[in-house]
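Working notes, beginning with the structure itself.
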Amino acid sequence: MGSLKDKVVIAGIGHSATDGGSKFDSKQESKLKGVSDVQLALQACKMAIDDAGLASQDVDGIGCAHALDSAAPSHQIALGLGVPEISFQVDNYAGGAGSIAVVQMAAAAIEAGLARNIVCYRAMKTSTAGRLTGHPRGASISQFPDYQSVTGEAEFMAPFGLDSVRMENAMRWKRHMIKYGTSSEHTGAVAITHREHAAFNDRALARQPITMEDYLNSPMVVDPVRELDICLASDGGYAVVLTSAESARDLKQSPVYIMGAAMGGGPLPGYASGFPAQAPEPAEAAAKYFSKRLYNMADVGPNDMDFAQIYDCFTFAVIYQLEGYGFCKEGEGGPFVEDGRIALGGELPVNTHGGQLSEGYFWSMNHLYEAVQQLRGHAGARQVKDAEIGLVTGHTAQVGSALILRR
């Protein structure tokens with residue numbers, strides 16, 4: 000099997016204006032209500048291209064991560080940027096795993112000689128539209144115009160009301176609690192730590208400190224999922240520019256190297272569902288199927304990570320992935336997050352920007368932005384001391400993707 004190790008770098012990073020709610024389903028109107036997904040994507044991409052010391056004319060590849068929506072497709076962004084010729088183009092339909100996966104595809108394309116400079120992005124407007132579908136917030140699958148076209152396992156779920164990722168994940172998490180004794184205090188520790196990190200991040204949408212009492216008293220959405228377990232409704236976009244390690248020598252910023260890349264899943268490689276009560280394991284544990292390939296390519300292990308930017312659509316997704324990526328044994332993710340272990344200054348700082356729980360929900364593209372900031376030494380008050388190597392992940396129902404980066 001081939002390797003991308005140290006052959007491709009992240010040369011530029013960018014973000015748009017961001018806004019959203021301080022709660023998972025905020026009724027507060029976004030300041031970006033009149034700004035389109037395309038405009039947000041263009042803002043992020045232009046900043047990333049400039050950060051790399053390039054111009055739009057230097058870009059010859061583009062990659063977009065999206066879900067059931069069609070927001071800001073790559074051909075519109077290429078047109079808006081004024082890219083003269085496209086050698087590589089991909090719109091990746093992979094949910095929360097999509098951003099990291101599309102970066103892997105772009106890296107592989109550069110290594111194969113298909114393109115020189117590729118910009119990858121994710122832009123979304125989840126304060127007014129659902130995270131997956133682009134339909135109005137609060138609508139169930141049964142209200143979608145294309146409801147009658149629901150196929151596969153969803154045929155046996157959506158008609159009976161099981162049409163929400165919150166419901167599905169609640170079932171998976173409840174099983175983890177019963178099987179391993181994981182508690183609400185464990186997920187509370189994740190939420191509190193993320194909020195502590197967000198306090199040092201001017202881009203974070205939720206910076207107000209929370210206590211364990213605040214967490215336990217937050218409204219129950221679907222048992223055992225509380226409001227503070229859920230990522231934010233967010234508007235904005237993030238982007239990165241990739242190029243070859245050789246080309247990066249002449250660019251503006253110190254390169255951040257891709258050491259390892261992998262994606263995949265287990266026996267149920269579904270996109271957005273999969274019978275949650277019958278799945279052989281929690282969704283985010285998909286990492287155990289490909290993490291060995293990831294570490295082998297990078298020639299490092301979990302203990303070599305100075306930080307981890309972990310996909311956190313829910314608090315418990317962090318716990319699943321700490322297990323799946325080998326930071327602790329299966330069932331021990333709950334105790335792992337206790338006593339400041341994942342906080343800045345702890346054994347493994349996790350989501351140093353506040354993650355999707357507190358900074359904003361941008362499908363891990365903001366996690367990638369933060370990882371580059373950490374490895375450049377540009378993270379300010381939230382800087383991990385002597386950060387050299389970090390993990391970035393993206394996940395959806397049954398599949399996942401990850402990168403290991405180094406300075």
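Residue numbers (numbering that gives the first Met the number 0): 0 to 406. Here a beta-carbon is modelled for each residue, glycine too, at the ideal position from N, C-alpha and C.
Cβ distance (whole Å) where Val383 is taken to contact Asp305 below 8 Å: 6 Å
Residues near Leu227 by beta carbon distance below 6 Å, same chain, minus five either side: Ala190, Tyr214, Ser217
Buried or exposed (CB count within 10 angstroms, at least 16 for buried), Lys328: exposed
N-terminal and C-terminal residue of the beta strand (DSSP E) that Tyr92 is part of: 87-92
Identity of the residue in Ala43, Gln252, Gly265 nearest Phe289 by Cα: Gly265
For Arg405, three-class secondary structure by DSSP: strand
Neighbourhood of Thr210 by C-beta, 8 Å cutoff - its chain only, sequence neighbours within 5 removed: Ile191
Option nearest Val118 by Cα separation, candidates Gly323, Ala108, Ser126: Ala108
Reduced DSSP category for Phe289 - H, G, I as helix; E, B as strand; rest coil: helix
7 Å CB neighbourhood of Ala205 in its chain, flanking five on each side removed: Ser21, Arg194, Ala197, Leu231, Ser357
Supposed contact pair Glu110 and Lys471 - C-beta distance, whole angstroms, cut 8 Å: No answer is possible for residue 471: it lies beyond the span of the chain, which begins at 0 and ends at 406.
Whole-Å CB distance - Thr395 paired with Ala96, under 8 Å assumed: 5 Å
Reduced DSSP category for Thr395 - H, G, I as helix; E, B as strand; rest coil: coil
Paired residues, beta bridge with Val8 - DSSP: Thr242, Tyr256
Beta-carbon proximity of Asp234 to Thr392, cut-off 8 Å: no
Alpha-carbon spacing of Ile12 relative to Tyr120, whole angstroms: 10 Å
Residues near Leu321 by beta carbon distance below 6 Å, same chain, minus five either side: Cys327, Gly332, Phe335
Backbone CA spacing between Asp49 and Ala238 [nearest angstrom]: 11 Å
Beta-ladder partner(s) of Gly13, from DSSP: Ala238
Alpha helix (DSSP H) segment containing Gln373, residue limits: 364-375
Inter-residue spacing [alpha-carbon to alpha-carbon] between Ala247 and Ile9: 9 Å
Residues bridged to His65 (per DSSP): Tyr92
Secondary structure of Cys119, DSSP reduced to three states: strand
Nearest-angstrom beta carbon gap, Ala203 and Gly353 [assumed within contact, 8 Å]: 4 Å
Nearest residue (CA-CA) to Gln373, options Leu404, Tyr360, Gln397, Gly345: Leu404
Residue closest to Ala47, alpha-carbon to alpha-carbon, out of Ser2, Asn302, Leu241: Leu241
Per-residue DSSP class, three states only, for Ser141: With a pLDDT of 47 at Ser141, under the threshold of 50, the modelled position of that residue is not reliable, and no figure is offered here.
Selected residue, minimal CA-CA separation from Ser400, among Leu39, Glu28, Ala64, Gln42: Ala64
For Trp362, the nearest candidate out of Asp57, Ala297, Met123, Met156 (CA to CA): Met123
Neighbour flag for Gly359 against chain C, beta carbons, 8 Å: Annotation note: the requested chain C is absent from the structure, which comprises a single protein chain.
Helix, strand or coil at Ile229 according to DSSP, with G and I counted as helix: strand
Cβ neighbour criterion (16 or more within 10 Å) applied to His377: exposed
Contact under 8 Å by Cβ, Gly94 with Leu250: no
With 16 other Cβ atoms within 10 Å as the buried cut-off, status of Met258: buried
Whole-number beta carbon distance between Ser86 and Gly60, since they are thought to touch under 8 Å: 6 Å
Proximity to Leu80 [Cα-Cα], best of Ala54, Ala307, Glu245: Ala54
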